[in-house]
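For what it's worth, full-length UniProt numbering labels the leading residue of the sequence shown as 1, then goes sequentially. Here's the structure, in structure tokens; my notes come after.
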Amino acid sequence: MKRLEWDNLHVLLAVVRTGNLKRAAQRLRLSTATLSRRLDALEEQLGGQLLERSSTGCLPTAFGQRIAGFAEQMEGAANEILREADSPESVEGTVRVNADEWLSFLVIALLAPIRPRHPLLDMEVLTTPHPVNLARREADLSLRYAEPETKDLIAEPLGEIEFALYGASQYLERHRPAVTARDWANLDFVGLEESRLDQDLETWWQGLDGAPPPWLRCNQTLGIYDGVIAGAGLGIVEKRTAKLTPTLELVMEMPGLTREVWLCTHRSLRESARIKAVRDFLVEAWPH
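In structure tokens form, the structure reads like this:
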């Protein structure tokens, strides 16, 4: 048998965990075609079917489930090697920070000063709608809206972020009477597409008397930001992000739309100098 390619086993794990080729490809930053080729190569090498594919997703066969279990053990061992090799003295290498769209925007806006302080450090910001798995080393640090319950993670509060209703100056100039009168029925709104309408942050418009549903929906929160800037209507924007955008004007405060932000890392990385350097920097630089 030829040498087993760990990358192909990693692909299998991603598909088993997401249940979907497209989502797995996005997580691994591969094209769907490349991911499918790697799965085919793995099945050919192992001599058995690993997945049952359908229009609704993918399920592992019994054989595929056993192989995925072995692959998870390999992944765990590889992560332990990386943790053991992570020098506690050297501030160099790559640190991956995971956050959702709003928090990623804020993190990127803060990062420039860390470069002269730690010139051997490289940064990656991994933007996902939901937190990644730190135990699997999918990221080194994660910004979350809730304190994690697992004892494997170390978390410290950064503070709160607030959201409010904003509009672009050009839009507000055209609709000033309706905005002043809070005549929501005669205004336009930008929001998230329906698959993400399960949180109050996505259903805020329902609390505005007479407001119509958003006519423009996006599958990412920064799509709302882009739409509001372009004058497509009113939308919820994180307040620090709005302050960085001169063309946005505050329409109305939304006191109930606040989120507490926690900075999390895996307990095994607490002595890593590069992780500590980034963690300390974010705590120091985070606006309060």
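C-beta atoms are modelled at their ideal positions from N, C-alpha and C, and glycine is treated no differently.
Buried or exposed: which applies to residue i, given that a residue is buried once 16 or more other Cβ atoms fall within 10 Å of its Cβ?
i      : result
Ile224 : buried
Val228 : buried
Glu284 : exposed
Trp184 : buried
Trp262 : buried
Asp198 : With a pLDDT of 49 at Asp198, under the threshold of 50, the modelled position of that residue is not reliable, and the figure given next carries that caveat. By the neighbour-count rule (16 or more Cβ atoms within 10 Å), Asp198 is not buried but exposed.
Ser54  : exposed
Arg267 : exposed
Glu253 : exposed
Gly47  : exposed
Leu13  : buried
Using the C-alpha atoms, what's the distance from residue j back to residue i?
i      : j      : result
Thr150 : Cys264 : 11 Å
Trp286 : Val95  : 18 Å
Leu30  : Leu250 : 39 Å
Gln73  : Ile67  : 10 Å
Glu193 : Asp226 : 15 Å
Asp280 : Ala99  : 17 Å
Glu147 : Ile108 : 22 Å
His175 : Leu187 : 8 Å
Ala230 : Gly167 : 9 Å
Report the partner residues of residue i according to the DSSP bridge assignment.
i      : result
Gly47  : DSSP, once it has assigned bridges, lists no residue as partnering Gly47.
Gly235 : Tyr166
Glu253 : Ala164
Thr265 : Leu141 and Ile154
Arg21  : The amino acid occupying residue 21 in the given sequence is Leu; Arg does not appear at that position. According to DSSP, Leu21 bridges with nothing at all.
Using C-beta distances below 6 Å, list every residue in its chain close to residue i, excluding the 5 sequence neighbours before and after it, in chain order.
i      : result
Ala110 : In the sequence as presented, Ala is not what sits at residue 110; that position holds Leu. Cβ within range, chain order: Ala285.
Ala232 : Val190 and Leu216
Ser104 : Val125 and Thr127
Give me, in chain order, the residues of the same chain whose beta-carbon lies closer than 7 Å to that of residue i; leave out the 5 immediate sequence neighbours on both sides.
i      : result
Lys239 : Glu162, Phe163 and Ala164
In chain order, what residues of the same chain have a beta carbon less than 8 Å from the beta carbon of residue i, not counting five sequence neighbours either side?
i     : result
Glu18 : Note that residue 18 corresponds to Thr in the displayed sequence, not to Glu. So the qualifying residues of the chain are Ala24 and Arg27.
Heavy atom of the ligand ZN less than 7 Å from the Cβ of residue i, yes or no?
i      : result
His118 : No copy of the ligand ZN occurs in the structure displayed, which carries no ligand at all.
In the region 86–137, which residue ranges form an unbroken beta strand (DSSP E) of at least 3 residues, counting only runs that do not cross its ends?
For the region 86–137, whole beta strand (DSSP E) runs of length 3 or above, ordered along the chain, are 93–99 and 121–127.
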